[in-house]
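In our numbering, the protein residues as written are -15 to 189.
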């Protein structure tokens, strides 16, 4: 069990020490990944930014991801029962929401480029890995030097899936029985928008 996200971040740091002072960037998955990523970025003395991506759910089951969208790219797995019209409308809707998130969390600051950099993606845990998988595939288009996924806890199936896509996957706990990310934290309080803004401002100093 992790006491909270801050403790989880401190536990990840030693496993990422080799990236200290490298040409790298830490990308937090908002909102839950932000406190952890802030700790990691501070300790490794790397810039902190966000990975603004959202999954596209199947029209019959929103939880089943058929792809993901960022502000500039998309990754869709074709499904014969999903229309192009649905995909395009959903991409437009999701991009509008992502643009709102960027304005809210970063103000007038742009997302930092990842080309040629070691990219460390951080979340508070991974259940299925489908959204992160699509995120990695989109990031590849920007030609980073290396993509590392670092999380406190993940299911075995998510770990196996991400290993196929990322250059390195670091997980502190891969439990035999996975009951959801929150089950492995004593304090899994929702991270507010205000907290995300606070961490992003602190990382700029």
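No residue lacks a Cβ here, since even glycine has one placed at the ideal position from N, Cα and C.
{"Asked": "Taking just the CA atoms, how far does residue 67 sit from residue 2?", "Found": "45 Å"}
{"Asked": "Would you grab the beta carbon distance between residue 17 and residue 108 for me? Rounded to a whole angstrom, and I think it's under 8 Å.", "Found": "5 Å"}
{"Asked": "Apply the 10 Å Cβ neighbour rule to residue 35 and answer buried if 16 or more other Cβ atoms are within range, or exposed otherwise.", "Found": "buried"}
{"Asked": "Pull up the CB-CB distance for residue 205 and residue 137, whole angstroms please, since I reckon it's below 8 Å.", "Found": "The structure shown does not extend to residue 205, since the chain spans only -15 to 189, so no value can be given for it."}
{"Asked": "Tell me the DSSP bridge mates of residue -4?", "Found": "Partner(s): none; residue -4 has no beta bridge."}
{"Asked": "Does DSSP put residue 48 in a helix, in a strand, or in coil?", "Found": "strand"}
{"Asked": "Which partner residues does residue 152 have in the DSSP bridge list?", "Found": "132"}
{"Asked": "Thinking just about the alpha-carbon of each residue, which of 89, 95, 56 and 98 is nearest to the one in residue 78?", "Found": "56"}
{"Asked": "The beta strand (DSSP E) spanning residue 12 covers which residue range?", "Found": "8 to 12"}
{"Asked": "Looking only at C-alpha atoms, which of 186, 41 and 86 sits nearest to residue 73?", "Found": "41"}
{"Asked": "If you draw a straight line from the C-alpha of residue -12 to the C-alpha of residue 43, how long is it?", "Found": "35 Å"}
{"Asked": "By the three-class DSSP mapping on this structure, what secondary structure does residue 185 have?", "Found": "helix"}
{"Asked": "Quick one: what's got a C-beta closer than 6 Å to residue 12's C-beta in the same chain, skipping five residues either side?", "Found": "18, 21, 34 and 106"}
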